[in-house]
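>
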Amino acid sequence: IAGITQAPTSQILAAGRRMTLRCTQDMRHNAMYWYRQDLGLGLRLIHYSNTAGTTGKGEVPDGYSVSRANTDDFPLTLASAVPSQTSVYFCASSESRNTGELFFGEGSRLTVL
Amino acid sequence: QKEVEQDPGPLSVPEGAIVSLNCTYSNSAFQYFMWYRQYSRKGPELLMYTYSSGNKEDGRFTAQVDKSSKYISLFIRDSQPSDSATYLCAIDNTDKLIFGTGTRLQVFP
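Here you go:
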């Protein structure tokens, strides 16, 4: 089934550990995004990529990094996890940066203890 | 003031009811408005997309934009238990989407 694949689905990790959330899309979309979703705060953009080889900071980028080596993959790395990064993380893509229809993955639930 | 604000809910209605979900926004320059639906433990999916003012209908769903009041609405007619989900409004600010916090809807049989 075409779409966005995220891994892992769920993860518990100790504070201070490094973690990479994986995201792959097979729609050949140019733009990709990482959001975190927290109760009462909604979806907040962490980082985005307009096209392969470029990335940009969103609303809440601190503590996170991304890379976009090719069109399909857009991993999100937490260099040293902290409890405030406990959240549900969604990867999304769109044909281009300026279109409103985002396609989301199923999410990765991360708990930092 | 937040760029977009949404009724928090939760909203609980009986099957068959008409549901009204609402958001307000702050910038009158916004032109593109969306509603996303998110089922529990799933990612959001686009439900409706409207440009500027007016109504757009798709089956049991109607999206309405009132630019003079900076108010957007989603109406669901003949609501079904399968409509139980969180509904997020979103506004396309040219270079980014601004999401509301979502309204959780529960339709009981």
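Chains U and D are the protein sequences, given in the same order.
Residue numbers for the first sequence, in our numbering: 1 to 113.
Residue numbers for the second sequence, in our numbering: 1001 to 1109.
C-beta: ideal position from N, C-alpha, C; glycine also.
Owing to the predicted nature of the structure, the values given are computational and were not obtained by experimental measurement.
Take D73/U and list the residues in its own chain whose beta-carbon comes closer than 6 angstroms to its own, dropping the five residues that flank it on each side.
Around D73/U: T24.
> What are the start and end residues of the beta strand (DSSP E) that includes Y1025/D?
Segment 1019 to 1025, the beta strand (DSSP E) holding Y1025/D.
> Taking S108/U and Q37/U to be in contact with their CB atoms under 8 angstroms, please state how far apart those CB atoms are, rounded to whole angstroms.
About 11 angstroms separates the two Cβ atoms, so there is no contact after all.
> Alpha carbon to alpha carbon, what distance is there between G53/U and Y64/U?
Straight-line Cα distance between these residues: approximately 17 angstroms.
> Residues bridged to I1091/D by DSSP?
Paired residues: F1033/D, I1098/D.
> Quick one: what does DSSP say D73/U is sitting in, helix, strand or coil?
Strand at D73/U.
> Is the Cβ-Cβ distance between V60/U and R44/U less than 8 angstroms?
Yes, the Cβ-Cβ distance between V60/U and R44/U is below 8 angstroms.
> Within a Cβ cutoff of 7 angstroms, which residues of the same chain sit near I1030/D, ignoring the five residues on either side of it in sequence?
The question names Ile, but residue 1030/D is Phe in the sequence shown. For F1030/D, where only same-chain residues beyond five positions count, the Cβ hits under 7 angstroms are I1091, N1093.
> Report yes or no: is there a C-beta of chain U within less than 8 angstroms of the C-beta of P1109/D?
Answer no: the Cβ-Cβ gap between P1109/D and chain U never drops below 8 angstroms.
> Which of the three DSSP states, helix, strand or coil, is assigned to Q1080/D?
Q1080/D: coil per DSSP, three-state reduction.
> Who are the Cβ neighbours of T20/U in its own chain at under 6 angstroms, not counting the five residues just before and after it?
Excluding positions up to five away in sequence, the list reads P75, T77.
> Should F104/U be flagged as near chain D, meaning a C-beta pair shorter than 8 angstroms?
Yes, its Cβ sits closer than 8 angstroms to a Cβ of chain D.
> Could you give the DSSP three-state label for P83/U: helix, strand or coil?
In this structure, P83/U counts as helix in the three-state DSSP scheme.
> Could you check if Y1036/D is buried or exposed, using at least 16 other CB atoms within 10 Å of its CB as the buried criterion?
It is buried - the Cβ of Y1036/D has at least 16 other Cβ atoms within 10 Å.
> For R68/U, which residues of its own chain have a beta-carbon under 8 angstroms away from its beta-carbon, when the five flanking residues on both sides are left out?
Same-chain partners within the cutoff: M32, S49, T51, A52, G53, T54, T55, F74.
> Of all the options S1026/D, S1020/D, P1010/D, which has the alpha carbon lying nearest to the alpha carbon of S1068/D?
Per the Cα distances, S1026/D.
> Following the continuous beta strand (DSSP E) through S108/U, name the residue where it begins and the one where it ends.
It spans 108 to 112 - the beta strand (DSSP E) in which S108/U sits, taken as one unbroken run.
> Give the residues from the region 79 to 94 of chain U that approach chain D closer than 8 angstroms (Cβ to any Cβ), ordered along the chain.
Residues passing the 8 angstroms Cβ filter: F90, A92.
> How would you call T1086/D, buried or exposed, if buried means at least 16 neighbouring beta carbons within 10 angstroms?
With 16 or more Cβ atoms within 10 Å of its Cβ, T1086/D is classed as buried.
> Determine the direct distance from the alpha carbon of F1033/D to that of Y1049/D, and round the result to whole angstroms.
Answer to the nearest angstrom: the Cα atoms are 6 angstroms apart.
> Start and end of the beta strand (DSSP E) containing L43/U?
Element bounds for L43/U: 42 to 49.
> Within 10 angstroms of the Cβ of V82/U, are there 16 or more other Cβ atoms? Answer buried if so, exposed if not.
With fewer than 16 other Cβ atoms within 10 Å, it is exposed.
> State the DSSP-derived secondary structure class of V60/U, mapped to helix, strand or coil.
Note: V60/U maps to coil in three-state DSSP.
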